[in-house]
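Asks:
There are 4 protein chains.
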Amino acid sequence: MKAALIGGTGYGSIELVRFINQHPYLEVGTVVSNSQAGVGFSEIYPHLSNIVDQPLETFNADRLAEENEIVFLATPSGVSSRLVPPLLDRGIKCIDLSGDFRLRSADEYESWYKHSPADEKYLKQATYGLSEIYPEKIKTSSLIANPGCYSTASILGLLPILKTNLAEYESIVIDAKSGVSGSGRGLSLTNHFAEINENLKAYKLGAHQHIPEIEQILSDESGGPIKISFTTHLVPMNRGIMCSIYVKLKETVTTNEVHQIYSEFYKINPFIRIRPEGNVPSTKEVLGSNYCDIGLHVDQRTNRLTIISVIDNLVKGAAGQAIQNVNLQNGWDERTGLIDIPLYP
Amino acid sequence: MKAALIGGTGYGSIELVRFINQHPYLEVGTVVSNSQAGVGFSEIYPHLSNIVDQPLETFNADRLAEENEIVFLATPSGVSSRLVPPLLDRGIKCIDLSGDFRLRSADEYESWYKHSPADEKYLKQATYGLSEIYPEKIKTSSLIANPGCYSTASILGLLPILKTNLAEYESIVIDAKSGVSGSGRGLSLTNHFAEINENLKAYKLGAHQHIPEIEQILSDESGGPIKISFTTHLVPMNRGIMCSIYVKLKETVTTNEVHQIYSEFYKINPFIRIRPEGNVPSTKEVLGSNYCDIGLHVDQRTNRLTIISVIDNLVKGAAGQAIQNVNLQNGWDERTGLIDIPLYP
Amino acid sequence: MKAALIGGTGYGSIELVRFINQHPYLEVGTVVSNSQAGVGFSEIYPHLSNIVDQPLETFNADRLAEENEIVFLATPSGVSSRLVPPLLDRGIKCIDLSGDFRLRSADEYESWYKHSPADEKYLKQATYGLSEIYPEKIKTSSLIANPGCYSTASILGLLPILKTNLAEYESIVIDAKSGVSGSGRGLSLTNHFAEINENLKAYKLGAHQHIPEIEQILSDESGGPIKISFTTHLVPMNRGIMCSIYVKLKETVTTNEVHQIYSEFYKINPFIRIRPEGNVPSTKEVLGSNYCDIGLHVDQRTNRLTIISVIDNLVKGAAGQAIQNVNLQNGWDERTGLIDIPLYP
Amino acid sequence: MKAALIGGTGYGSIELVRFINQHPYLEVGTVVSNSQAGVGFSEIYPHLSNIVDQPLETFNADRLAEENEIVFLATPSGVSSRLVPPLLDRGIKCIDLSGDFRLRSADEYESWYKHSPADEKYLKQATYGLSEIYPEKIKTSSLIANPGCYSTASILGLLPILKTNLAEYESIVIDAKSGVSGSGRGLSLTNHFAEINENLKAYKLGAHQHIPEIEQILSDESGGPIKISFTTHLVPMNRGIMCSIYVKLKETVTTNEVHQIYSEFYKINPFIRIRPEGNVPSTKEVLGSNYCDIGLHVDQRTNRLTIISVIDNLVKGAAGQAIQNVNLQNGWDERTGLIDIPLYP
């Protein structure tokens, strides 16, 4: 099955290439980059030499639909809202890695993203592609809104406790930390090596565009309207997200009881690993892989649950989950092409 | 004035050397390291070649008291509780950079540190050396318990809001991140380069020994008994601490109003810089210097205040604050020897 | 085919696990670690949770031979010289990743490694496992001495030019740089994070134990006795080796002509990528993969050829090449299990 | 004495601010940045808050000459060749940190820098500001061409051996490695964090613009025309240069004899530290300081001398040496304002 990539020169896109290359049923099809059309892919990314050397192409919906069965869009926000409609109209399945189809409310999109939203007609067709939570909807959907990286780690870390009656909804604090690849390949002073190396930076306090996405899903799943305090930090490393999540508990429970709740919740999910009591995951332990590892600790002194949820932002937070969703759509084992052991050290 | 160093081969100690070297009234005296006595200081630390080449010595209270006017103890916990008494008895002033004299309660020390506590007689003589908060006590004290690195950033970040009636005491969450030098020069797998580089690690969930110290001071200053949720993380960089602090507010206030509270609170303190609204400090912006920079943001959606407090863990979190305290003790300008501009980039 | 691992807790060993896991014909068999026998593999390496959880075992030649068809030894030098003989005697194939069987001369081993050498009888059975150069010998050998990491990058970079009459033999300078994982997981001050992070260190000037190995192969292949100047450096990153190699040329040739010599030399080797003129490889462009990428430049001003040869020290420099050799031994496509695209960024 | 800074927003400039701030006889005067005139210095560099908050200004030769006694130019190449003449004509001393006045030959400048050279009249007035080698000329010069960072480390490392009859001139290979701050604050993909972190990159093979500068000085000082092989590498760290230098010896000498030659050569130079035999400097051991540390090793097997020369590229390689030159010009102790102990770790 040929898979096209749009936004071919970003980091999300080259991770897709890595997984498609080792996937038994997928093959790299058209690679679109309007800004660098005609240039060979491996001229831009020499690590792909002798592997994917094909030239980049311009966007052409007809040709894309003709030559590919599926399209991955790894474009900046505000782009796929315009590119997805002509593709869906031509009957091709779309996996959108941007935020353009994640929020049900067009108004909310506009207020957080500062772009015009996608057309309501297409917004309604989108399924939020959090693989572990919505596998059935994903199977039958032609438009997958692949979740944000912070959102994936946050929601997977919070849902099991929210589904009980134990959590105080208004107490949720998410302190999120990310490696720098999360902000892409576009040049900016923030991503300039000498500025962020040996540095730790908080950014977008209370203003990150993943906030409404997290609140939408948490509210859907828990019943109550949920508002979170959410702060993002840039850590001087390439990959990895850690969300340290704090939730006040209504009753006294032990770490062990919470551990059971989580283990039960994710018992059929091969990519979620709940760490045993006393063991907390670090980001490197999922590097390059599609795992989300979760550690749990109840602080008896304050009756607050601390959840440490880690993913590789480019894999479970982007390309890996996109492949997992394609596997679900096609009825393949969801692990297909994703069996990599984390790269350690 | 000759200043002795005990625990001479740790990172805290070589920062003391750096500041003493540029201090007009202090001079490096005896340097004690029982494990490496006889070896030249610059053989262990070649960056000190031609600057401080003198041999390390063994601990001898009489000789120390004879040849020095002040002693800095930069030893692991459980050591200075035994070394300080003979020094105090000989009339020499002590600045202890370890945790041995920070907690008033010997029981609490034992339960968090898992060592025998210091003798009550000496515990009572200790002054908690948070320079901005206790300058008067410091001036007249012969035993300064220099604050912990996390404690310094946390307490300085929290006190101004706690001194108002705006904060909900039971809502405090401190998500603390540190560079790796904070865990010293002792070898461990956690500090092995390939294990922590390109990695982010949470550790000691709810169990860090700085918790009782922070709660002691916050409770003293606010009136109410305060318990905090406190989580520590290791960031792949050498220096720097960031405490991201979350406090629920009882009333609706603006970031600007909080900014005024903080600016007023610290208006006479040269090493505290309150950042203007919309500007958040990063750890590199205080690297190598004695500054504590604080950024503030009120999230109107959740009525929670986020405080970002950064220091260099080895400077304001250790050696720099120790020098600042000696300056206060001696009636010198508190900036003496500490005027370094942060090293950037 | 079951493959045992000896020295199971080192970095070389977990890379072997990663490749065996994605290899269609190999399976992880016994994992030996005398020091940690009985402990679960994933307790030591949590990134292996739910993947390889089996307990570590003690060394037992009979049981190893019974339950496995092949043994990888990833032990410190001086260990496999003692463990390999009983295994070979029991008819099991051995791939030794240490230096114990690389040098033909027992004396030279002793003088560079400061250990007793292996028994001559077994030394003679060893084949130097540089896959691209000795594929035929590897096919028929039961004991592969897998090349050193620096040696692999150096020899692959030098051989094509040495096989011509263009190089001045006595002019060879190899300036080698490695990521820190190359020095293993054993604790030492050199590998302590705060010491090597933001630092660049030269070490073992003219004394690295890979020197005799490189000279042995270069001399074998070129005819003349070759002595090299070889300096190693530690770079603050986890993985990657770059050898910058300088060779004086006897005649005037262009970069383009040298490029043709190299391309021709390696035309059948899928893991060697000769970069086009003007393009020089960086270490990240082979990260996690079995590639050796080579860039070439003739400096017309000095008539000296500069060769930039890069590998991942744990892959082509250790575990990956070991798997490649097993593929050759068994008549499988040499790329089997090794098709990973480099992890970028 | 007021010192103006031109090119005020680069890294060289903020290092100048750091040293001027701790210099007893210098004071920050006008800070020029045409692109950001009117903006406060500490808005661009928040680490300067409360220290240097003054607004940036546009270039105006009259005003500069009126209000300052000295001007530091830390501008990209091709700029100071135009700015220096009007300043010199107004009688103000200039320290140029760019390459515009380093090469005597205007033709050579044009061929390596691809810019128009400075006017010959002003070129002739320039003194090459390598403090240890040309102190007398520096004292009487109004225009100092401050050496390049690579050049400083290379020339200081090579001169003592070249001044003997021991070195084979045509054998010199310099393998140079630099932290990323060396390429400045301008945005480029090469300096994008995720591209260079965990990566090692060779660049400008045989084409770096410091080559003619090094050759000019080495040839001047040794008598013979000298051509070097020179390769530069980017190391994933902020600061530090290491030049690993290889020289074939004409006679057999010991490391100890070479050590004596170097110690003698630099015996009156406080910033040059020749390491004892067996001890090799690493870049962190000079971090933030004006030292150049040199390690030496004669490889008896190849009769080649290896010299490891390290500096902080922004200090001895730029701002620190500039201050040292101003000290020399004014007859002050050359260490004035430069006594910082390296920042370790």
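Residue numbers (the numbering used here), protein chains in the order written: chain A, 45 to 389; chain B, 45 to 389; chain C, 45 to 389; chain D, 45 to 389. Built from N, CA and C at the ideal position, the CB exists for glycine as well.
1. Check Arg62 (chain D) in the structure and name its three-state DSSP category.
2. The beta strand (DSSP E) with Lys46 (chain D) in it runs from where to where?
3. Listing by chain order, which chain B residues have their CB less than 8 Å from the CB of Val224 (chain A)?
4. For Gly51 (chain A) and Glu242 (chain D), what's the separation of their Cα atoms in angstroms?
5. How is Phe145 (chain C) classed by DSSP in three states: helix, strand or coil?
6. With Glu301 (chain C) as the anchor, note down where its alpha helix (DSSP H) starts and where it stops.
7. Of all the options A:Ile352, A:Leu231, A:Asn369, A:Pro161, which has the alpha carbon lying nearest to the alpha carbon of Ser124 (chain A)?
8. How big is the Cα-Cα spacing for Ile385 (chain C) and Gly223 (chain A)?
9. Can we say the stretch 306-313 of chain D touches the stretch 242-257 of chain D, given the rule of at least three CB pairs closer than 8 Å?
10. In chain C, what lies closer than 7 Å to Val302 (chain D) by C-beta?
11. Could you tell me the boundaries of the alpha helix (DSSP H) in which Phe237 (chain D) lies?
12. Within its chain, find whatever has a CB closer than 6 Å to the CB of Asn371 (chain D); leave out the 5 residues flanking it on each side and keep chain order.
13. Whose Cβ in chain D lies nearer than 7 Å to the Cβ of Leu249 (chain C)?
14. Which same chain residues, not among the five before or five after Arg317 (chain B), have their C-beta less than 8 Å away from its C-beta?
15. Based on DSSP bridge pairs, tell me the residues matched to Ile218 (chain C).
16. Does chain A have any CB closer than 7 Å to the CB of Phe85 (chain D)?
17. Pull up the DSSP beta-bridge partners for Thr184 (chain A), would you.
18. Find the residues of chain A that neighbour Asp337 (chain B), judging by a C-beta separation of less than 8 Å, and give them in chain order.
19. Could you tell me the distance, in whole angstroms, from the CA atom of Pro191 (chain B) to the CA atom of Leu174 (chain B)?
20. Quick one: list the residues of chain A neighbouring Gln66 (chain C), beta-carbon separation under 9 Å, in chain order.
21. Using a cut-off of 9 Å between C-beta atoms, extract the partners of Glu242 (chain D) located in chain A.
22. My understanding is that Ile134 (chain B) touches Ala109 (chain B), with C-beta atoms under 8 Å, so please give their C-beta distance in whole angstroms.
23. Which residue wins for smallest C-alpha separation from His341 (chain B), given the options B:Pro320, B:Leu358, B:Gly361, B:Glu329?
24. In chain order, what are the residue ranges of uninterrupted alpha helix (DSSP H) at least 4 long that sit wholly in the stretch 91-175 of chain A?
25. Could you check whether the stretch 352-361 of chain C touches the stretch 45-65 of chain C, counting it as contact only if at least three pairs of C-beta atoms, one from each stretch, sit closer than 8 Å?
26. Could you tell me which residues DSSP puts in a beta bridge with Leu340 (chain A)?
27. Could you check what DSSP says for Tyr55 (chain B) in three-state terms: helix, strand or coil?
28. Taking 7 Å as the limit between beta carbons, can you name the residues of its chain near Tyr306 (chain C), skipping five residues before and five after?
29. Mind reading off the beta-carbon distance from Ile289 (chain B) to Ile351 (chain B)? Whole number of angstroms is fine, and I expect it under 8 Å.
30. Name, going along the chain, the residues of the stretch 94-109 of chain D whose beta-carbon falls closer than 7 Å to a beta-carbon of chain C.
31. What residues of chain B sit near Gly51 (chain D), judged by a beta carbon separation below 7 Å?
32. If you pair each beta-carbon of the stretch 218-235 of chain C with each one of the stretch 283-299 of chain C, do three or more pairs fall below 8 Å?
33. What is the DSSP secondary structure of Glu71 (chain A), reduced to helix, strand or coil?
34. Which two residues bound the contiguous beta strand (DSSP E) that contains Tyr247 (chain B)?
35. With DSSP run on the structure shown, which of helix, strand or coil describes Ala211 (chain C)?
36. Run through chain D and tell me which residues come within less than 7 Å of Val391 (chain C), C-beta to C-beta.
Replies: According to the structure data:
1. If DSSP states are grouped into helix, strand and coil, Arg62 (chain D) belongs with the helices.
2. It spans 46-50 - the beta strand (DSSP E) in which Lys46 (chain D) sits, taken as one unbroken run.
3. Neighbours of Val224 (chain A) on chain B: none; closest Cβ ~11 Å, over 8 Å.
4. Cα-Cα distance, rounded: 25 Å.
5. Of the three classes helix, strand and coil, the one that applies to Phe145 (chain C) here is coil, per DSSP.
6. From DSSP, the alpha helix (DSSP H) with Glu301 (chain C) extends over 299-309.
7. Ranked by Cα distance from Ser124 (chain A), the options A:Ile352, A:Leu231, A:Asn369, A:Pro161 are led by A:Pro161.
8. Taking the straight line from one Cα to the other gives about 21 Å.
9. No contact exists between the stretch 306-313 of chain D and the stretch 242-257 of chain D.
10. None at all; the shortest Cβ gap to chain C is about 13 Å.
11. Phe237 (chain D) -> alpha helix (DSSP H) spans 237-240.
12. Taken in chain order, the residues that qualify are Glu378, Thr380.
13. Within chain D, the residues near Leu249 (chain C) are Val324, His341, Thr350.
14. Only Pro325, Tyr335, Cys336, Asp337, Ile338 meet the Cβ criterion.
15. In the DSSP output, where bridge partners are listed per residue, Ile218 (chain C) has C:Phe274, C:Ile289.
16. No - not a single Cβ of chain A is within 7 Å of the one on Phe85 (chain D).
17. In the DSSP assignment, no residue is bridged to Thr184 (chain A).
18. By Cβ distance, chain A contributes nothing, its closest Cβ being about 12 Å from Asp337 (chain B), past 8 Å.
19. For Pro191 (chain B) and Leu174 (chain B), the distance between alpha carbons rounds to 6 Å.
20. By Cβ distance, chain A contributes Gln66, Ile383, Asp384, Ile385.
21. Neighbourhood of Glu242 (chain D) in chain A, by CB distance below 9 Å: Met281, Asn282, in chain order.
22. Note that residue 134 (chain B) corresponds to Arg in the displayed sequence, not to Ile. Yes, Arg134 (chain B) and Ala109 (chain B) are in contact; Cβ-Cβ is about 4 Å, under 8 Å.
23. Looking at the Cα atoms, B:Pro320 is the closest of the given residues.
24. Annotation note: the stretch 91-175 of chain A contains the following uninterrupted alpha helix (DSSP H) runs of length 4 or greater, listed N- to C-terminal: 105-111, 124-133, 150-157, 164-167.
25. Yes, they touch.
26. DSSP lists A:Ile351 as partners of Leu340 (chain A).
27. DSSP places Tyr55 (chain B) in helix when its eight states are reduced to three.
28. Closer than 7 Å at Cβ, skipping near neighbours: Pro204, Ile318, Ile338, Leu340.
29. Confirmed, Cβ separation roughly 4 Å.
30. Listed by position along the chain: nothing, the set is empty.
31. Going along chain B, no residue has its Cβ under 7 Å from Gly51 (chain D), so there is no contact; the nearest lies around 16 Å.
32. Under the three-pair Cβ rule at 8 Å, the stretch 218-235 of chain C counts as touching the stretch 283-299 of chain C.
33. Reduced to three states, the DSSP call for Glu71 (chain A) is strand.
34. 245-247 is the span of the beta strand (DSSP E), which, as asked, contains Tyr247 (chain B).
35. Of the three classes helix, strand and coil, the one that applies to Ala211 (chain C) here is strand, per DSSP.
36. This structure cannot settle anything about residue 391 (chain C), because the visible part of chain C is limited to 45 through 389.
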